[in-house]
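Enquirer: Input: one structure, supplied below.
There are 2 protein chains.
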Amino acid sequence: MELLTIGDMAARSGVAQSALRFYEREGLIRSTRTGGNQRRYERHELRRVAFIRIAQQVGVSLEEIREALAELPENRTPTKADWARLSARWRRKLEARIAMMERLRDQLTGCIGCGCLSLQRCKLINPEDRLAARGRGPQMIINP
Amino acid sequence: MELLTIGDMAARSGVAQSALRFYEREGLIRSTRTGGNQRRYERHELRRVAFIRIAQQVGVSLEEIREALAELPENRTPTKADWARLSARWRRKLEARIAMMERLRDQLTGCIGCGCLSLQRCKLINPEDRLAARGRGPQMIINP
DNA sequence: CCTTGAGTTGAAGTGAACTTTAACTTGCAG
DNA sequence: CTGCAAGTTAAAGTTCACTTCAACTCAAGG
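Right under this line is the structure:
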């Protein structure tokens, strides 16, 4: 089995056929066509799909994923090095997101202690004073 | 200033007025009305809004948030203890999410080493063998 | 051949979480 | 009082990430 049908892709990636067609329309994956206009996927497209699903778990939009994937070579099959470079970038994003969540967790822990959650001296959310001055809300903890 | 107008709420919480009206329609927050039908918010509603935005950052849907908030007392202003209980529950959710992301990070790190990403022996995604057998895709790392 | 499961399309639908719009009404400083 | 910023509503619109539908065509085993 050289090329994969959309059914194969769906079965092997765990992504619905409709989603695969959608990804193709959005320029996230590619396929060639048979004489009868059916999609045939190269094996390495599975890797693209895998990358997409991982990136989504990290909280990245399809638009951003599309941009990242656009950096893979057009003319040749991506090498391990190509994928490694992309993965490393995602790992950094993932670590940033983990750090954000940990900050959130630590501050929420503090707020459990005082039972405040948005009261005056709460470090997590302080709509009264600090945030009113900055004109923004709870977002400040998230992207400080 | 005893009660807050919707403008005050928006300014102090950083959440748009339209969103506050939406939250009210969805039963996430409450307000009383003036004789002229304008919304007036009790100060502690700010805490609800704060809780909503934090929970959203943890990746919880409004529906789940609504259910959690429904556990707060209807008849009285929530006490610190009420909020503390709710916060503690969210902290657990947050920790679970952090753990998931860390697992993802560690496995992605391994995959950077081998440059595979969905190749046969990759621990992160293995659509060929293990997943084909289970009939699911990359999801397995996320909720193992 | 023929049947049947697999695949094709464009267009419309879904659900979450809001925002925008239009047409009004209220609240309050001067 | 008046003027105007701030508030009200229902309904429609938006974005994201898909799914569903209807009406086909293709591929391949018997």
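Chains as they are written, first to last, in the working numbering: chain A, 1 to 144; chain B, 1 to 144.
Even glycine gets a Cβ: it sits at the ideal position worked out from N, Cα and C.
Per DSSP, what are the beta-bridge partners of E32 (chain B) in this structure?
Expert: Note that residue 32 (chain B) is Thr in the sequence shown, not Glu. The partner list for T32 (chain B) (beta bridge, DSSP) reads B:R40.
Enquirer: For T77 (chain B), count neighbouring C-beta atoms within 10 Å of its own C-beta (all shown protein chains included) and say buried if the count is 16 or more, exposed if not.
Expert: Flag for T77 (chain B) reads exposed.
Enquirer: In whole angstroms, what separates the C-alpha of A88 (chain B) from that of L20 (chain B)?
Expert: Cα to Cα, A88 (chain B) sits roughly 25 Å from L20 (chain B).
Enquirer: With a threshold of 7 Å between beta carbons, is R39 (chain A) in contact with chain B?
Expert: Taking Cβ atoms only, chain B never reaches closer than 7 Å to R39 (chain A), which makes this a no.
Enquirer: Among the residues of its own chain, which have a CB less than 7 Å from the CB of V60 (chain B), if the five just before and after it don't count?
Expert: K93, listed in sequence order.
Enquirer: Do three or more CB pairs link the stretch 63 to 80 of chain A to the stretch 68 to 76 of chain B at distances below 8 Å?
Expert: Result no; under three Cβ-Cβ pairs closer than 8 Å.
Enquirer: Does any CB atom of chain A fall closer than 7 Å to the CB of L94 (chain B)?
Expert: Closer than 7 Å: yes.
Enquirer: Mark G145 (chain A) as exposed unless 16 or more other C-beta atoms lie within 10 angstroms of its C-beta, in which case mark it buried.
Expert: Missing from the structure shown is residue 145 (chain A); chain A here goes from 1 to 144 and no further.
Enquirer: Using a C-beta to C-beta distance shorter than 8 Å, which residues of chain B count as neighbours of T109 (chain A)?
Expert: Simply R91.
Enquirer: Return the chain-ordered list of same chain residues with a C-beta closer than 7 Å to the C-beta of R43 (chain B), the five sequence neighbours on each side being excluded.
Expert: Excluding positions up to five away in sequence, the list reads L4.
Enquirer: I'd like to know whether the C-beta atoms of Y41 (chain A) and S31 (chain A) end up nearer to each other than 7 Å.
Expert: Cβ atoms of Y41 (chain A) and S31 (chain A): closer than 7 Å.
Enquirer: Suppose contacts are defined by Cβ-Cβ distances below 7 Å. Is P18 (chain B) in contact with L46 (chain B) by that definition?
Expert: The identity of residue 18 (chain B) in the sequence shown is Ser, whereas the question assumes Pro. No, the pair does not count as a contact, with Cβ atoms beyond the cut-off.
Enquirer: Can you name, in chain order, every residue of its own chain whose Cβ lies under 8 Å from the Cβ of R33 (chain A), other than the five neighbours on each side?
Expert: Here the set comprises R39 and R40.
Enquirer: Could you compute how far the alpha carbon of V15 (chain B) sits from the alpha carbon of I6 (chain B)?
Expert: In a straight line, the C-alpha of V15 (chain B) is about 10 Å away from that of I6 (chain B).
Enquirer: Just to confirm, are M145 (chain A) and I98 (chain B) a CB contact at a threshold of 7 Å?
Expert: In the structure displayed, chain A extends from 1 to 144; residue 145 (chain A) sits before or after that span and is not available.
Enquirer: Just the C-alpha distance for W83 (chain B) and G27 (chain A), rounded to the nearest angstrom, thanks.
Expert: Taking the straight line from one Cα to the other gives about 46 Å.
Enquirer: Against chain A, with Cβ distances strictly below 7 Å, would I98 (chain B) count as a contact?
Expert: With 7 Å as the cut-off, I98 (chain B) counts as an interface residue toward chain A.
Enquirer: What first and last residue would you give for the alpha helix (DSSP H) that runs through S13 (chain B)?
Expert: Looking at the DSSP string, the run of the alpha helix (DSSP H) that includes S13 (chain B) is I6 to S13.
Enquirer: Listed in chain order, which residues of the stretch 21 to 32 of chain B have Cβ atoms closer than 9 Å to some Cβ of chain A?
Expert: Of all residues in the stretch 21 to 32 of chain B, none has a Cβ within less than 9 Å of some Cβ in chain A.
Enquirer: If we ignore side chains and look at the alpha-carbon of each, how far apart do Q57 (chain A) and L104 (chain B) end up?
Expert: Those two C-alpha atoms are separated by around 9 Å.
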